[in-house]
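Novice:
Protein chains in written order, with our numbering: chain A, 7 to 341; chain B, 99 to 451.
1. Is DSSP giving residue 99 (chain B) helix, strand or coil here?
2. Around the C-beta of residue 278 (chain A), are 16 or more other C-beta atoms found within 10 angstroms, so that it is buried, or is it exposed?
3. List the endpoints of the continuous alpha helix (DSSP H) containing residue 135 (chain B).
4. Should residue 397 (chain B) go down as buried or exposed, given a rule of 16 or more other Cβ atoms within 10 Å for buried?
5. Could one say the Cβ of residue 23 (chain A) lies closer than 7 angstroms to chain B's Cβ atoms, at least one of them?
6. Cβ closer than 8 angstroms: which chain A residues qualify as neighbours of residue 415 (chain B)?
7. For residue 96 (chain A), does the count of other Cβ atoms within 10 angstroms reach 16, so buried, or fall short, so exposed?
8. List the residues of chain A whose Cβ lies closer than 9 angstroms to the Cβ of residue 435 (chain B), in chain order.
9. With DSSP as the reference, label residue 450 (chain B) as helix, strand or coil.
10. What residues match up with residue 111 (chain A) in a beta bridge as DSSP calls it?
11. Quick one: using the 10 Å Cβ neighbour count with 16 as the cut-off for buried, is residue 306 (chain A) buried or exposed?
12. Check each residue of the stretch 419–430 of chain B: if its Cβ is closer than 7 angstroms to any Cβ of chain A, include it; give the result in chain order.
13. Does any CB atom of chain B fall closer than 7 angstroms to the CB of residue 15 (chain A)?
14. State buried or exposed for residue 274 (chain B), treating a residue as buried only when at least 16 other CB atoms are found within 10 Å of its CB.
15. I'd like to know whether the C-beta atoms of residue 238 (chain B) and residue 206 (chain B) end up nearer to each other than 7 angstroms.
16. Which residues mark the beginning and the end of the alpha helix (DSSP H) in which residue 428 (chain B) is found?
17. Assess contact between the stretch 368–379 of chain B and the stretch 278–289 of chain B, defined as three or more Cβ pairs (one per stretch) separated by less than 8 angstroms. Is contact present?
18. Sort out for me which residues DSSP pairs residue 72 (chain A) with in a bridge.
19. By how many angstroms is the C-alpha of residue 126 (chain B) removed from the C-alpha of residue 451 (chain B)?
20. To the nearest angstrom, how far is it from the Cα of residue 322 (chain B) to the Cα of residue 295 (chain B)?
21. Nearest chain A C-beta to residue 397 (chain B) closer than 7 angstroms, yes or no?
22. Does the stretch 239–259 of chain A come close enough to the stretch 357–376 of chain B to have 3 or more Cβ pairs within less than 8 angstroms?
23. With respect to the alpha helix (DSSP H) encompassing residue 255 (chain B), which residues constitute its N-terminal and C-terminal limits?
24. Is the distance from the Cβ of residue 209 (chain B) to the Cβ of residue 400 (chain B) below 7 angstroms?
25. Beta-carbon separation of residue 100 (chain A) and residue 112 (chain A) under 7 angstroms?
26. Taking CB distances under 7 angstroms as the criterion, tell me whether residue 305 (chain B) reaches chain A.
27. What's the C-alpha gap between residue 242 (chain B) and residue 190 (chain B)?
28. Flag this pair as yes or no: are the beta carbons of residue 293 (chain A) and residue 123 (chain A) separated by less than 7 angstroms?
29. Rounding to the nearest angstrom, what Cα-Cα distance links residue 119 (chain A) and residue 297 (chain A) in this structure?
30. Below 7 angstroms between beta carbons: does that hold for residue 149 (chain B) and residue 445 (chain B)?
31. Anything in chain A within Cβ reach of residue 285 (chain B), meaning under 7 angstroms, just list it in chain order.
32. Under 6 angstroms Cβ to Cβ from residue 406 (chain B), same chain only, skipping five residues before and after it: list those, please.
33. Excluding the 5 residues flanking residue 331 (chain A) on each side, which residues of the same chain have their C-beta closer than 8 angstroms to its C-beta?
34. Just to make sure I have the definition right: I need the residues of chain A whose C-beta is within less than 7 angstroms of the C-beta of residue 293 (chain B). Which are they?
35. Would residue 146 (chain A) pass as a contact of residue 225 (chain A) if the rule is Cβ separation under 7 angstroms?
36. How is residue 32 (chain A) classed by DSSP in three states: helix, strand or coil?
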């Protein structure tokens, strides 16, 4: 099979998985106790039961739980509606984020916030990948040296540190050193972002926290992979034929170590996304994670459904990309 | 030719050392070999000591709390057991027959009782970990929080591992359609970032009333969605083991499938299971602490994660309040990670780096 055919097949394969995920989430919402309409009405003050009932019905119709003839819409019809809307890139309206009594379209909410999450995640992913490679190479090539030992212990300590707590500690440290907590304020997001120095200032600490979080995970893997490979026969051959150390490591060992590393990075992506939720919420970074947490705290089901669709989709696409990069890393793999 | 002799000698010495090691291992069972390997690993032993210390702490605190409650409810100590604010219930106390009821041995401040005049005290001799805003002793909170925090980790991990093992062995042993369905389900579960899915579920099932409180709901759903990793490992283990001769021999003897699975293949998969459990507990404690940190825990429970959540915004002005619960979460995760790494090296030396 050609590479193109393989990619098409994988893209099509995403569809049933996404259907499974949305179906699971939808079922969970529907078997859960509690009436979302009452949650939405909240502390609505009514003198008479009629007033409350009419408000209830109005909201229920608005939320799509009742049809115009006051019949309950069966959950599978709502699911089919949801999927249908999804195929038209319509994620529905938020229940909690309202403007003049009408919910803001979720696609608008998400497109506003998407850029922040992507900036933060891509930046910290690149930094942590580069640093992890450097640390992994240093400790694998100087195994059992003082450098290796101290780096390994540092990685182990970082690995056992909860990410949200690491973010808090970074905040404390920065506060005591620079009197700057890194909790974002309004002036950080004046557009255009690229020319806004405040944006970069507030980007530093969340990026640092997320970078460290990913770094400790990846550096261990790079180290153990490289050690495994440095024991192989072809490395001995390369050394025996008189290549200098640098060439042996980067031309022979490292390139062969890339494949397993890429696999593990690909499968650790949901962890990175979860980590981004934690770091975003500690620093008040207005990304998708914060949006999701806010939605969860106020039981905004459409918003939660939307984020629960987007995060897995991001993950599936990222995994597809890692699978495609195999082809470029390892010429033996053919599709 | 002195150099050559020297090299030969060195090689010979090394060989002798290996031989001695082999000699010492002779006749020892697999587990005693594993134990000797762990004993040699300093970091692993450190992890083991940390884990043992924490388990002791959890058990002792649980027993003390039980004894105190029992003594109070049996009217051996003064005070109303259902009201922690009752004047005679401020401390964890010990009492033995013949002792004056109003003057028992005072061990600790009760983790729930709030001394209004002692709030936000920094660490001192009287309160080694300081006190929080409500006037609760942090040392007592941390000490009694151990039982809930560790129990959550153990129970959560054990249930996931049991579900994963059962499903993974069925899929690995029978293959075919069971295996296919299982793989698709795991794929769907794995595509959701676990932490986000957990928050989603906790929010949805907030109002469910089952015995054990909020954390029981969390554990049920955690084990329902978290078994995928274990199932995949056990499944691949079964795939390679079921082709081996000893399974074939057992089948020829007329053993039932259940006997083959539980008496023969599963014991051979014990090593990966032990590693999964030890390393997994660290992950579960981490996840539950994170959930509590973001306000999805049980605010009435005494656990490290919930205390961390309560005082996280006081980090800059009263750092000791959130610092000590966080420190204990860190030590727990560190201990289980160290022990798990060392167990992995000892059980499967091929993986050693």
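Note that CB positions come from ideal geometry on N, CA and C, so glycine has one too.
In this text, all values refer to a predicted model and were calculated from it rather than measured experimentally.
Specialist: Quick answer:
1. Low confidence applies here, because residue 99 (chain B) scores a pLDDT of 42, under 50, leaving its location unreliable and the question unanswered by this model.
2. buried
3. 128–138
4. exposed
5. yes
6. Result: empty, since nearest Cβ-Cβ is about 10 angstroms, beyond 8 angstroms.
7. exposed
8. Simply 162, 165, 166.
9. The pLDDT assigned to residue 450 (chain B) is 48, lower than 50, so where the model puts this residue is not dependable, and the model offers no usable value.
10. Within the DSSP bridge table, the entry for residue 111 (chain A) names A:99 as partners.
11. Classification for residue 306 (chain A): buried.
12. 424, 427, 428
13. no
14. exposed
15. yes
16. 418–445
17. Output reads no: the stretch 278–289 of chain B does not touch the stretch 368–379 of chain B.
18. A:78
19. Below a pLDDT of 50, predicted positions are generally treated as unreliable, and residue 451 (chain B), at 43, falls in that range; the measurement from the model is reported next regardless. Rounded to the nearest angstrom, the two C-alpha atoms are 25 angstroms apart.
20. 12 angstroms
21. no
22. no
23. 236–272
24. yes
25. In this structure, residue 100 (chain A) places its C-beta atom within 7 angstroms of the C-beta atom of residue 112 (chain A).
26. yes
27. Their Cα atoms are separated by approximately 11 angstroms.
28. The Cβ atoms of residue 293 (chain A) and residue 123 (chain A) sit closer than 7 angstroms to each other.
29. 8 angstroms
30. In terms of Cβ geometry, residue 149 (chain B) and residue 445 (chain B) do not form a close pair [threshold 7 angstroms].
31. Those within 7 angstroms of residue 285 (chain B) in chain A are 23.
32. 391, 420, 423, 424
33. 268
34. 280, 283
35. Between residue 146 (chain A) and residue 225 (chain A), the C-beta spacing is not below 7 angstroms.
36. helix
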